[in-house]
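2 protein chains.
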Amino acid sequence: MSETTVTAAILVIGDEILSGRTKDRNIGYIAEYLARAAVDVREARVVPDVEEEIVAAVNALRARYDYVFTTGGIGPTHDDITADAIAKAFGVGIGEDPRALAVMGERYTPDELTPARRRMARIPDGADLVDNPISKAPGFRIGNVIVMAGVPSVMQAMLDSAIVGVKGGALMLVANVEADGLPEGIYGDALREVAEARKEVSIGSYPSFSDGRFRNQIVVRSRDAEALQEAKAAVEAMLARLKGDARPL
Amino acid sequence: MSETTVTAAILVIGDEILSGRTKDRNIGYIAEYLARAAVDVREARVVPDVEEEIVAAVNALRARYDYVFTTGGIGPTHDDITADAIAKAFGVGIGEDPRALAVMGERYTPDELTPARRRMARIPDGADLVDNPISKAPGFRIGNVIVMAGVPSVMQAMLDSAIVGVKGGALMLVANVEADGLPEGIYGDALREVAEARKEVSIGSYPSFSDGRFRNQIVVRSRDAEALQEAKAAVEAMLARLKGDARPL
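First to last, the sequence lines map onto chains A and B.
Heads up, the first sequence is in the numbering used here, so the first residue is 425 and it goes up one at a time.
Heads up, the second sequence is in the numbering used here, so the first residue is 425 and it goes up one at a time.
Here's what the structure looks like:
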């Protein structure tokens, strides 16, 4: 395959996630969204609201992947330090952005633009704004880093804006095979043989547990439609063979 | 305060999380669980089922924090490579562990112990087993790294076993103040003043959005009960003052 893979990392910023007080829903949403956009998410991190931690993570991830998507820390309170940390990571200045103030002016009267709210107009020099149709205060993009809010509904709206400028990689094709009734311990060896003989596909086995029983799904991924179908058929044939052999467990 | 803080990182291992196919529920659960056990979670990462990525993350995190809790990649299929990666990270050997085979023998007959299932008995040399009351195949602990299953119900049972050997830090006390009715943009500046005057407490502001409206909670954390109560009272007084001033928005 000659198509280029486009890679990304997700960086979630916020003490409240690490304390367990808020359960992150952004990693899963962004991962699924980018998968559909043919961008491979290779890593995700959660860091606290501590400037040097944010700077270190941003610089590690932006050097390694095509894109970094951050969430959290761009609100109006003192613990919202993401914009300043991103400016520091890029070694650029930061100040009130007239474009950001202008869009915030659509929501707030001049009186309502408190110093706290004006903090949300602080944008690193050279960044482009990312539209926020929900609550106006914008996200931004600088270099390959896209900075979004932490509140899931706001982040999701920002992502729809931000994705427009993101170059998509080759489309990843996916096929699911239900292994219901057969446990991993029975098909694991045969599945490894199927996978090892097919380097152009990626095959994973995903057990889950609900209603008191295990359920297994085998997922085949490839950028090549023909290779995908061939591998899916091989997995199905393997399962059918083992179901014929299997004793009840 | 002279108590020692005990720190931890969470490492989630699995392609299925990064593709968005499975939504992680383990970070939030472990974070909340460890917070109650007075262990500070300082970082979380999600990495794919790729040996060098797992090795690099384990070595970076175990050097930096008191404990590392991993989930995922210890099942019976070929994509379950966590145990081997952990052995490599520690530079130790790995093989079938007679203790692990013995506990698995409580669930499986010798015939049922397929080569795939026997993979789940591969434990790095020198590791202690972590009990798995749900599906028997054990987790393990080596050095300061605790290795658990990815399926949430199994992980949760393993965590109850693993926590016994973990030294707890000083108890972190938490107080919540509802800022309902007042937006962050109104109280952000005053809250910063309250926070900056009290270095022995940590104060965060957490907006959420549901049923069409924003809701704000202010969370005060401290290891000192007296400092916590004083800061909580200061936040409440600040909010009461601003509520008196506030115009409807």
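Glycine residues also receive a C-beta, built at the ideal position from the N, C-alpha and C atoms.
Would you say residue 644/B lies against chain A (beta-carbon separation less than 8 Å)?
no
DSSP on residue 541/A, reduced to helix/strand/coil?
helix
Just how far apart, CA to CA, sit residue 448/A and residue 669/B?
35 Å
Just checking: is the beta-carbon of residue 534/A within a distance shorter than 8 Å of some beta-carbon in chain B?
no
Inter-residue Cα distance where the pair is residue 570/B and residue 442/B
22 Å
According to DSSP, is residue 510/B part of a helix, a strand, or is it coil?
helix
Which ranges does the alpha helix (DSSP H) cover as unbroken runs of at least 4 residues, wholly within the region 556-602 of chain A, from first to last along the chain?
576-586
Which residue spans inside the region 628-672 of chain A form an unbroken beta strand (DSSP E) run of at least 3?
637-646
Under 8 Å between C-beta atoms, does residue 447/B make it to chain A?
yes
Which listed residue (429/B, 495/B, 501/B, 484/B) has its alpha carbon closest to that of residue 606/A:
501/B
Applying the 10 Å Cβ sphere with the 16-neighbour rule, what's the burial state of residue 657/A?
exposed
Under 8 Å by Cβ, that's how I've got residue 454/A and residue 478/A pegged, so tell me the actual separation to the nearest angstrom.
Contact doesn't hold; Cβ gap of about 17 Å is too wide.
Can you pull the chain B neighbours of residue 622/A, defined as C-beta to C-beta under 8 Å?
Chain B residues near residue 622/A: none, gap ~12 Å exceeds 8 Å.
Excluding sequence positions up to five away, which residues of its chain have a Cβ less than 6 Å from the Cβ of residue 503/A?
473
From the DSSP output, in three-state form, read off residue 436/A for me.
strand
Members of the region 469-491 of chain B that neighbour chain A once the beta carbon cut-off is set at 8 Å
469, 470, 471, 472, 473, 477
With DSSP collapsed to three states, give me the class of residue 529/B.
coil
Can at least three beta-carbon pairs, one atom from the region 503-514 of chain A and one from the region 545-553 of chain A, be found at a separation below 8 Å?
yes
Indicate whether the contact test is met: 3 or more Cβ pairs, each with one atom in the region 646-653 of chain A and one in the region 615-632 of chain A, closer than 8 Å.
yes
Could you name the residues of the same chain whose beta carbon sits closer than 8 Å to that of residue 618/A, not counting the 5 residues immediately before and after it, in chain order?
627, 655, 658, 659, 662
Given this structure, state the Cα-to-Cα distance separating residue 416/B from residue 462/B, to the nearest angstrom.
Because chain B spans 425 through 673 in this model, residue 416/B falls outside it and cannot be assessed.
Whole angstroms is fine: what's the gap from residue 458/A's alpha carbon to residue 468/B's?
20 Å
By the three-class DSSP mapping on this structure, what secondary structure does residue 491/A have?
strand
How far does the alpha helix (DSSP H) with residue 468/A in it reach, from first residue to last?
Segment 463-471 is the beta strand (DSSP E) holding residue 468/A; no alpha helix (DSSP H) there.
For the alpha helix (DSSP H) holding residue 515/A, just list the boundary residues, first then last.
That residue, residue 515/A, is in no alpha helix (DSSP H); it is neither H nor E in DSSP.
Among 428/B, 445/B, 555/B, nearest to residue 675/B - alpha-carbon criterion
Look at the range of chain B in this structure, 425 to 673, and you will see that residue 675/B is not part of it.
Anything in chain B within Cβ reach of residue 628/A, meaning under 7 Å, just list it in chain order.
439, 440, 503
Whose Cβ in chain A lies nearer than 8 Å to the Cβ of residue 538/B?
609, 610, 612, 613
Would DSSP call residue 498/A helix, strand or coil?
coil
Separation of residue 630/A from residue 493/B, as counted between CA atoms
20 Å
I want to see whether chain B comes within less than 8 Å of residue 500/A, judged by CB atoms only; does it?
yes
Between residue 590/B and residue 489/B, which are expected to be in contact by the criterion C-beta below 8 Å, what is the C-beta distance as a whole number of angstroms?
Residue 590/B to residue 489/B, Cβ: 12 Å. No contact.
Answer yes or no: does any C-beta atom of chain B fall closer than 8 Å to that of residue 575/A?
yes
Beta bridge counterpart(s) of residue 548/B as assigned by DSSP:
518/B
C-beta neighbour in chain A for residue 616/B, strict 8 Å:
yes
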